[in-house]
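Have a look at the structure below before the remarks.
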Amino acid sequence: MKKFFAIAMILAMLIALPTGCGEKKMSSAYLIWNIGVESKTFDPGLNNANDGGHIIQNLFEGLMQETEKGLKPAQAKSYEVSEDGLVYTFTLRDDIKWSDGKPVTAQDFVYSWQRVCDPATASEYSFLMAPYIVGGEDFLNGKGKAEDMGVKAKDEKTLEVTLNFPCSYFLSLTTFYTYMPVRKDAVEKGEGWEKDPDTCFSNGPFTLEEYVIGSHLKMKKSDTYYDAKNVRLAGIKGLMIVEETTAHNAYLSGEININEKIPQDEIPKLKAEDPNFTAKAQVGTYYAMFNMDNPAVSDVRVRKALSLAIDRKQIVENVTKGGQIAATGFIPPNLTYSDGKSCRELDEKGNLKPEFGIDPNKVNVEEAKKLLAEAGFPDGKGFPKLTYIYNTNEGHQRVAEALQEMWKNNLGIEIELKNEEWAIFQDTRRDGRYSIARGGWLGDYAAPMTMLDLYTSYSGNNDPQWRWNEQPAIAPHDKTLNPANKGFDDAIKEAMMSSGKKQDDAYKKAEQILMDEQILIPIYYYSFIYMIDSSKVIGVEKTQMGQWIFKNAEMIN
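Set out below in structure tokens:
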């Protein structure tokens with residue numbers, strides 16, 4: 012018997028913010044939100060950054076969506092799952108339209124998903140789709156055709172998806188922006204189509220009204236959205252203020268309603284005194300990454316020495332100050348295995364225990380110096396001058412300076428610092444033009460896989476260039492191979508195709524390989540840090556994975 016409306020993984024994702032008391036008169040004013048950076052892209056098939064994701068979540072909509080009670084149909088009005096868990100049949104709503112009034116069809120989803128797996132697209136997020144859907148990997152690797160993929164339009168309103176294996180979180184994947192539809196005629200207008208109001212046809216609660224490079228964008232309420240009657244905002248103005256002090260001052264003066272860019276020195280006071288300030292755990296990890304193809308960091312002992320020489324507790328208590336937690340592994344502690352236990356080792360009080368040689372409460376200078384000496388650099392003598400790159404941001408700069416000081420004081424080595432603007436920085440990391448770089452990853456769905464598959468050989472987001480085979484579609488530049496990545500790929504594949512304890516063991520094996528190779532240095536686990544002016548706006552939602560949802564927000568006079 013088919014499972015109808017059976018949601019395999021129920022996620023309590025949306026956390027509604029306080030709505031205030033009593034009747035309030037609503038305003039048609041635009042909500043002013045600081046995006047905090049100029050997004051490289053917010054094309055659903057190409058975006059791989061959190062900032063672009065925020066924009067996409069409000070312009071576009073997928074088959075399913077997140078709510079505070081779990082997953083529910085969105086562009087789809089219903090779905091069925093075959094008994095073997097391999098075939099999903101989605102029935103689309105009758106009243107879904109693009110912002111120019113044309114109907115959204117099953118073929119739009121077919122086109123969009125095939126586009127993500129098309130090697131010509133080189134989508135950095137193709138790894139989140141190609142391995143799951145029949146024919147996806149073959150098409151991505153040039154061994155198959157688009158029409159061989161297991162995504163078919165049975166008619167205008169029926170989409171059939173065939174998976175390679177049962178996936179407990181597949182419905183969660185369909186809420187993610189990579190799985191959202193785009194219009195073929197818009198994409199064919201060329202690069203940057205999504206930043207032009209004349210070509211950005213969207214199917215979500217808002218539509219693009221204006222885009223000014225380096226300044227702001229405007230999204231206005233979409234009259235063609237099927238639930239437009241319940242969208243109370245006239246629109247949203249998203250600012251691109253990178254500097255934390257500037258953004259915070261604009262918030263304090265009433266020029267911004269929602270802001271995440273907050274000076275770290277202000278956090279303790281705000282946390283104690285301002286009810287509009289929020290800091291809480293997020294599914295994500297802040298880290299430093301190595302270019303595994305760079306000879307200067309090719310010795311694993313060097314990489315481990317750099318990791319052990321970091322005082323993570325000092326960073327979270329004296330540098331970031333926003334409720335972050337010193338990291339002991341790559342997977343954050345608020346993700347769990349199938350038995351409900353945290354993916355991190357915890358003591359009886361729920362505090363992190365040392366793992367992978369990392370003590371969250373102290374630095375291990377003795378072991379770090381020993382490893383560096385074994386690698387041929389006693390007390391740092393003869394160590395090459397390396398550069399740590401980070402994207403322009405006051406917070407990232409402070410962390411970088413703390414790392415630089417710790418590496419100098421604890422290991423006797425000099426590390427230069429270099430900042431780059433966000434879009435340039437993304438290209439630098441992706442193309443492997445660095446030795447050590449800032450990294451950060453926020454989960455896309457509530458399963459350990461959301462962190463681990465980032466570093467599969469076929470991931471376009473594998474910025475450490477850690478691949479055991481060549482990937483001409485998504486990383487044509489990466490010709491230096493790293494054999495250890497093969498075992499990691501195998502563990503990920505095992506996790507994808509299993510469940511329960513067997514899946515948990517595969518996750519653990521994959522993370523063990525990741526940390527044994529030390530392709531990255533986990534520093535801390537993220538927290539949500541933001542301010543919302545509750546005297547002006549209510550009903551704003553932020554998912555557990557960190558995405559802003561504005562469709563239910565309202566401005567107050």
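Position 304, counted from 1, in the sequence shown is what my numbering calls 315; the numbers after and before it change by one each time, with no gaps.
Note that CB positions come from ideal geometry on N, CA and C, so glycine has one too.
Computed from a predicted model, the values in this text were never measured in an experiment.
Checklist entry - Got a sec? Which residues, its chain only, sit under 6 angstroms from Ala448 by beta carbon, not counting five neighbours each side? => result For the purposes of this step, residue 448 is taken as residue 437 along the sequence shown, with counting starting at 1. Correct list, in chain order: Met300, Ile400 and Arg440.
Next on the checklist: Spatial neighbours of Pro286 within its chain, please: C-beta separation below 8 angstroms, excluding the five flanking residues on both sides.
Outcome noted: In the sequence shown, the residue the question calls residue 286 occupies position 275. If we look at Pro286 and ignore the five residues flanking it on each side, its Cβ neighbours are Ser545.
Checklist entry - So what does DSSP say about Gln523, is it helix, strand or coil? => result Counted from its first residue, the sequence shown places residue 523 at position 512. The three-state reading of DSSP puts Gln523 in helix, counting H, G and I together.
Checklist entry - Who are the near neighbours of Ile530 in its chain, counting only those whose CB is closer than 8 angstroms to its CB and skipping five residues on each side? => result For the purposes of this step, residue 530 is identified with residue 519 of the sequence shown, where counting begins at 1. Cβ contact annotation for Ile530 (same chain, cutoff 8 angstroms, sequence separation greater than five): Met300, Phe301, Met303, Arg314, Tyr466, Pro475 and Trp477, in chain order.
Next on the checklist: So for Val311, helix, strand or coil by DSSP?
Outcome noted: Walking along the sequence shown from the start, residue 311 turns up at place 300. Note: Val311 maps to helix in three-state DSSP.
Item to check | Where Ser538 sits in the DSSP three-state scheme | outcome: Locating residue 538 in the sequence shown gives position 527, where the first residue counts as 1. DSSP places Ser538 in strand when its eight states are reduced to three.
Checklist entry - Should Ile560 go down as buried or exposed, given a rule of 16 or more other Cβ atoms within 10 Å for buried? => result Working through the sequence shown from its first residue, we reach residue 560 at position 549. Classification of Ile560: buried, given that the 10 Å Cβ count is 16 or more.
Next on the checklist: Can you check which of these residues, Glu416, Ala506 and Val48, is closest to Gly225 by C-alpha distance?
Outcome noted: For the purposes of this step, residue 225 is taken as the residue at position 214 of the sequence shown. It is Val48 whose Cα lies nearest to the Cα of Gly225.
Checklist entry - Hey, is the region 332–340 in contact with the region 526–540, meaning 3+ C-beta pairs nearer than 8 angstroms? => result Verdict: yes, contact present.
Next on the checklist: Three Cβ pairs or more, each shorter than 8 angstroms: is that satisfied between the region 421–435 and the region 354–372?
Outcome noted: In short, these stretches do not touch, since the Cβ pair count stays below three.
Next on the checklist: Looking only at its chain, what residues have a beta carbon closer than 8 angstroms to the beta carbon of Lys373, apart from the 5 residues adjacent to it on each side?
Outcome noted: Here residue 373 is taken as the residue at index 362 of the sequence shown, counted from 1. Contacts found: Asp322 and Lys324.
Checklist entry - Whole-angstrom Cβ separation of Gly569 and Gly73, contact assumed at under 8 angstroms? => result No answer is possible for residue 569: the residues shown for the chain start at 12 and end at 568.
Checklist entry - With DSSP run on the structure shown, which of helix, strand or coil describes Arg440? => result If you number the sequence shown from 1, residue 440 lands on position 429. Helix, per DSSP.
Checklist entry - So is Lys291 buried or exposed if we call it buried at 16+ other beta carbons inside 10 Å? => result Here the question's residue 291 lines up with position 280 in the sequence shown. Exposed.
Checklist entry - Which stretch, first to last residue, makes up the alpha helix (DSSP H) that contains Asn496? => result Your numbering for residue 496 matches position 485 in the sequence shown. Start and end: Ala495 to Met507.
Next on the checklist: Among Lys512, Asn152 and Leu250, whose alpha-carbon lies nearest the alpha-carbon of Tyr41?
Outcome noted: Walking along the sequence shown from the start, residue 41 turns up at place 30. Answer by Cα proximity: Leu250.
Item to check | DSSP state of Asp350 mapped onto helix, strand, coil | outcome: One-based indexing of the sequence shown puts residue 350 at position 339. Asp350 falls in the coil class under three-state DSSP.
Item to check | Contact between the region 59–70 and the region 87–104 (3+ Cβ pairs under 8 angstroms) | outcome: Too few Cβ pairs lie closer than 8 angstroms, so no.
Item to check | For Gln76, three-class secondary structure by DSSP | outcome: For the purposes of this step, residue 76 is identified with residue 65 of the sequence shown, where counting begins at 1. Strand at Gln76.
Checklist entry - Beta-carbon separation of Thr100 and Thr169 under 9 angstroms? => result Your numbering for residue 100 matches position 89 in the sequence shown. Your numbering for residue 169 matches position 158 in the sequence shown. The answer is yes: Cβ separation under 9 angstroms.
Item to check | Supposed contact pair Leu263 and Thr189 - C-beta distance, whole angstroms, cut 8 angstroms | outcome: Reading the sequence shown from its first residue, position 178 is the one you call residue 189. Reading the sequence shown from its first residue, position 252 is the one you call residue 263. Incorrect: roughly 37 angstroms between the Cβ atoms, too far for contact.
Item to check | Euclidean distance between Cα positions of Trp479 and Gly393 | outcome: Mapped onto the sequence shown, residue 479 falls at position 468. Mapped onto the sequence shown, residue 393 falls at position 382. Rounded to whole angstroms, Trp479 to Gly393 spans 30 angstroms at the Cα level.
Next on the checklist: Can you list, in chain order, the residues of its chain with a C-beta nearer than 8 angstroms to that of Glu255? Leave out the 5 residues immediately preceding and following it.
Outcome noted: Taking the sequence shown and counting its residues from 1, the one referred to as residue 255 is at position 244. Here the set comprises Lys272, Ile273, Pro274, Gln275, Asn404, Glu405 and Gly406.
Next on the checklist: Excluding the 5 residues flanking Phe367 on each side, which residues of the same chain have their C-beta closer than 7 angstroms to its C-beta?
Outcome noted: In the sequence shown, the residue the question calls residue 367 occupies position 356. Same-chain partners within the cutoff: Thr339, Gly340 and Met526.
Next on the checklist: Cutting at 7 angstroms between CB atoms, please list the residues of its own chain near Phe288, excluding the five before and the five after it.
Outcome noted: Counting from 1 along the sequence shown, the entry for residue 288 is found at position 277. Sequence-distant partners of Phe288 (beyond 5 residues in either direction) whose C-beta falls short of 7 angstroms from its own C-beta, in its chain, are Leu281, Lys282 and Met542.
Checklist entry - Should Ser444 go down as buried or exposed, given a rule of 16 or more other Cβ atoms within 10 Å for buried? => result By 1-based counting over the sequence shown, the position of residue 444 is 433. Ser is not the amino acid found at residue 444; the sequence shown has Arg there. Counting C-beta atoms within 10 angstroms of its own C-beta, Arg444 has fewer than 16 neighbours from the protein chains shown and is therefore classed as exposed.
Next on the checklist: So within the region 241–329, which uninterrupted beta strand (DSSP E) runs reach at least 3 residues, ignoring any that extend past its ends?
Outcome noted: Annotation: the region 241–329 contains the following complete segments of the beta strand (DSSP E) (minimum length 3 residues), in chain order: 246–250 and 288–301.
Item to check | Per DSSP, cross-strand counterpart(s) of Thr100 | outcome: Your numbering for residue 100 matches position 89 in the sequence shown. DSSP lists Glu91 and Glu171 as partners of Thr100.
Checklist entry - In angstroms, rounded to a whole number, what distance separates the CA positions of Arg312 and Ser318? => result Residue mapping note: residue 312 aligns to position 301 of the sequence shown, counting from 1. Residue mapping note: residue 318 aligns to position 307 of the sequence shown, counting from 1. Counting only the Cα atoms, Ser318 lies some 10 angstroms from Arg312.
Checklist entry - Who are the Cβ neighbours of Pro293 in its own chain at under 6 angstroms, not counting the five residues just before and after it? => result Within the sequence shown, numbered from 1, the residue matching residue 293 stands at position 282. What sits at residue 293 in the sequence shown is Gln, not Pro. Residues of the same chain with a CB within less than 6 angstroms of the CB of Gln293, apart from the 5 flanking positions on each side, are Tyr537, Ser538, Phe539 and Gly557 in chain order.
Item to check | Exposure of Asp515, with buried meaning 16 or more beta-carbon neighbours within 10 Å | outcome: Locating residue 515 in the sequence shown gives position 504, counting from the first residue. It is buried - the Cβ of Asp515 has at least 16 other Cβ atoms within 10 Å.
Item to check | Residue span of the beta strand (DSSP E) that contains Ala448, given as start and end | outcome: In the sequence shown, residue 448 corresponds to position 437, counting from 1. Its beta strand (DSSP E) spans residues Ile447 to Leu453.
Next on the checklist: I'd like the list of long-range same chain contacts for Pro216, defined as Cβ closer than 8 angstroms, with 5 residues on each side in sequence excluded.
Outcome noted: Here residue 216 corresponds to residue number 205 of the sequence shown, with the count starting at 1. Same-chain partners within the cutoff: Asn69, Glu72, Lys232, Ser233, Tyr236, Asp238, Ala239, Val242, Phe561 and Lys562.
Item to check | Three-state secondary structure (DSSP) of Trp124 | outcome: In the sequence shown, counting from the first residue as 1, residue 124 sits at position 113. In the structure shown, Trp124 falls within a helical segment according to DSSP collapsed to helix, strand and coil.
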